[in-house]
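Going by our numbering, the sequence shown opens with residue 77, and the numbers climb by one from there.
Encoded as structure tokens, the structure appears first; notes follow it.
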Amino acid sequence: MLVFVKDKTVDRNSQDKDIKSGLTFPSGCVYSDAMKFQSIRGVNDILPGEIEAVQRLEEAARSVFESFGFSEIRIPIFEVTELFARGIGATTDIVEKEMYTFDDRDGKKITLRPEGTAPVVRAYIEHQLNLKAPVTKLYYLGPMFRHERPQAGRFRQFYQIGVEALGTDRPTMDVEVLAMLMAVFQNVGVTEVRLEINSLGDAACRPHYRKTLKAYFKTHLAQFCEDCQRRYETNPMRILDCKKEGCRAVAAKAPSPLDHLCAECLAHFQQVKDGLNRLKIPFVVNEHLVRGLDYYTRTAFEITTTKLGAQNAVAAGGRYDGLVEELGGPPTPGIGFAMGVERIASLMEGIETPRPDVFFALLGEEAVRQMLPVIVRLRGHGVRVEMDYSGGGLKKQMGLADKLGARYTLMVGENELKSGKAILRDMATKAQEEILLTTLPDPLMKIIRS
Ligand SMILES: [Zn+2]
Ligand SMILES: [Zn+2]
């Protein structure tokens, strides 16, 4: 319900006391006695009916990741700002324009995490996980925060599921991580997706490619959008995946990073492709695929779908062999990805809102009193049981059972208590049968499980 309250809205400037409630409001707080609250623009509630797909995706991800030997890590929602400035790159859109950054009460610069990789790497270094195993395989899930334009159909609090594998630069790990990502899509029945891969080179060959690229771009500077004018100096590879038309025309004829790979990077890329072929995972090479983040090396990839219009990337990731060292740890190669939960959930079909196995239509206090222990025992066995809490009549209760989509309804009123027999109704076939009250819940459980 959208309600805007215009009258009685007061702007209180100093630490002001509401005389009635005695509450203290921070200075500058605008409030009203009858304020109706709404979520902040771009920040959404995920309601029952929508959450089931998200839960199903999270379950699938956990189960697939754990079968590949990945363990969950819970990272904090906020970190010191410097971590993201260094870890993501000071010249990226995220750091330049999109981070939620504020001073906390001690004057420390804090940022709500815009992505998960930098915090995971921070934790890896801080807890010296490199000493515990040669390769550390972690996954995370939770909200991320970016101040993006809401009209672009993006959320400012959005959810990601991601993995990071730290400690090996072997192409086998690239293949494993990609196989794992595809397995999650398979598991949730989202099959109309396309895997695009590329190689961005490494410290040995990328500087040379960058130089070649800049030389080519230099002759087309006038055609670039404002962002790309700036990127030309700070991060020219990003121009390759600019979505603006003028930039795309120039990028289409740009030299390819694949033509500038050193022998090691070329061999690595070839082995990744061979591995995917052996596992029969279809992919296409997209030479214009670059990641927005500075620390990516060699393998970069994206999962795209045509089903969501222009916003077509649903997962993305790549190798970041320089990041751990950049954040103060020992030189450690790594690779990972993040999946966009809302976008993938919106592609999932046939997700049903859970419905009750059985609805107890209980008439009168005595029926409630006698049936509660039965309900508790059923629930203890994992049976979904619903009941009426309003004290309505049988017709009203049957209506509720229908509305909730209950498979069965068990009716117990005064007559049933007297005769010692409840009536069980199959809500789909309307067939009814009697069940001895003293035998509950066993026969009921048998019918529900059959
Ligand atoms: Zn551009
Ligand atoms: Zn190289």
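Glycine included, each C-beta is placed from N, C-alpha and C at the ideal position.
Treat the numbers as computed from the prediction; the structure is a model and nothing was measured.
{"Asked": "Out of Ile357, His344, Tyr484 and Leu512, which has the shortest C-alpha to C-alpha gap to Glu272?", "Found": "Ile357"}
{"Asked": "I want to check one thing, is the minimum distance from the CB of Phe300 to the heavy atoms of ligand 1 below 7 Å?", "Found": "yes"}
{"Asked": "Label Ser97 either buried or exposed according to how many other C-beta atoms from any shown protein chain fall within 10 Å of its C-beta, with 16 as the threshold for buried.", "Found": "Bear in mind that the predicted position of Ser97 carries a pLDDT of just 48, short of 50, making it unreliable; the figure below should be weighed with that in mind. Looking at its Cβ environment, which holds fewer than 16 other Cβ atoms inside 10 Å, Ser97 is exposed."}
{"Asked": "Name the two residues that bound the continuous alpha helix (DSSP H) containing Asp250.", "Found": "Pro247 to Asn263"}
{"Asked": "What residues in its chain sit with their C-beta under 7 Å from that of Gly322, if we drop five residues either side in the sequence?", "Found": "Gln299, Phe300 and Cys301"}
{"Asked": "Would you check if the segment 166-179 and the segment 374-382 touch, i.e. whether three or more CB-CB distances between them fall below 8 Å?", "Found": "no"}
{"Asked": "Using a beta-carbon distance below 8 Å, is Ala339 in contact with chain B?", "Found": "The chain inventory of the structure shown lacks chain B, comprising one protein chain alone."}
{"Asked": "Tell me whether Ile357 counts as near ligand 1, meaning its Cβ is closer than 7 Å to at least one heavy atom of that ligand.", "Found": "no"}
{"Asked": "Determine whether the beta carbon atoms of Phe261 and Val269 lie at a separation below 8 Å.", "Found": "yes"}
{"Asked": "So, with DSSP's three-state summary, where would you put Met487?", "Found": "strand"}
{"Asked": "Under the assumption that Leu242 contacts Tyr200 (Cβ atoms under 8 Å), give the Cβ distance between them as a whole number of angstroms.", "Found": "6 Å"}
{"Asked": "Quick test of the definition: if touching needs 3 or more C-beta pairs under 8 Å, does the segment 420-427 touch the segment 484-502?", "Found": "no"}
{"Asked": "With distances taken between CB atoms, is the gap from Arg453 to Pro517 smaller than 8 Å?", "Found": "yes"}
{"Asked": "Residues around ligand 2, please: the ones whose beta-carbon is closer than 6 Å to some heavy atom of it, in chain order.", "Found": "Gly277, Asp278, Ala280, Cys281, Leu337, Cys338, Glu340 and Cys341"}
{"Asked": "In this structure, how does DSSP classify Tyr215 when only helix, strand and coil are distinguished?", "Found": "strand"}
{"Asked": "So which of Asp433, Met447 and Pro432 has the shortest CA-CA distance to Leu439?", "Found": "Met447"}
{"Asked": "Around the Cβ of Ile315, are there at least 16 other Cβ atoms within 10 angstroms (buried) or fewer (exposed)?", "Found": "buried"}
{"Asked": "Quick test of the definition: if touching needs 3 or more C-beta pairs under 8 Å, does the segment 169-180 touch the segment 206-216?", "Found": "no"}
{"Asked": "I'd like to confirm something about Lys320: is its beta-carbon nearer than 7 Å to some heavy atom of ligand 1, or not?", "Found": "yes"}
{"Asked": "Per the DSSP calculation, Glu272 is bridged to which residue(s)?", "Found": "Val360 and Glu378"}
{"Asked": "Counting beta carbon pairs with one atom in the segment 212-220 and one in the segment 137-155, are three or more of them shorter than 8 Å?", "Found": "yes"}
{"Asked": "Mapping the DSSP letters down to three states, classify Phe178 as helix, strand or coil.", "Found": "strand"}
{"Asked": "In this structure, does DSSP put Phe435 in helix, strand or coil?", "Found": "strand"}
{"Asked": "Enumerate in chain order the residues of its own chain whose CB-to-CB distance from Gln233 is below 6 Å, with the five nearest sequence positions on each side excluded.", "Found": "Val119, Pro219 and Phe221"}
{"Asked": "Would you list the residues sitting across from Leu188 in a DSSP beta bridge?", "Found": "Phe154"}
{"Asked": "Less than 7 Å separating the Cβ of Asp397 from some heavy atom of ligand 1?", "Found": "no"}
{"Asked": "Just how far apart, CA to CA, sit Val459 and Val434?", "Found": "8 Å"}
{"Asked": "Could you check if Asp317 belongs to the surroundings of ligand 1, using beta carbon to heavy atom distance under 7 Å?", "Found": "no"}
{"Asked": "So for Cys301, helix, strand or coil by DSSP?", "Found": "coil"}
{"Asked": "Does the Cβ of Ile511 have 16 or more other Cβ atoms within 10 Å, making it buried, or fewer, making it exposed?", "Found": "buried"}
{"Asked": "Run through the DSSP bridge pairs and tell me what Gly410 is partnered with.", "Found": "Leu242"}
{"Asked": "Return the CA-CA distance between Leu45 and Val417, expressed in angstroms with no decimal places.", "Found": "Here the chain has residues from 77 to 526 only, and residue 45 is not among them."}
{"Asked": "Using the Cβ count rule (16 or more neighbours within 10 Å means buried), how would you classify Thr528?", "Found": "It is not possible to answer for residue 528, since the shown part of the chain is limited to 77 through 526."}
{"Asked": "Following a CB-centred definition, is Asp182 positioned closer than 7 Å to any heavy atom of ligand 1?", "Found": "no"}
{"Asked": "Using C-beta distances below 7 Å, list every residue in its chain close to Pro247, excluding the 5 sequence neighbours before and after it, in chain order.", "Found": "His344, Gln347, Val348 and Gly351"}
{"Asked": "How far does the alpha helix (DSSP H) with Asp350 in it extend, from its first residue to its last?", "Found": "Ala339 to Arg354"}
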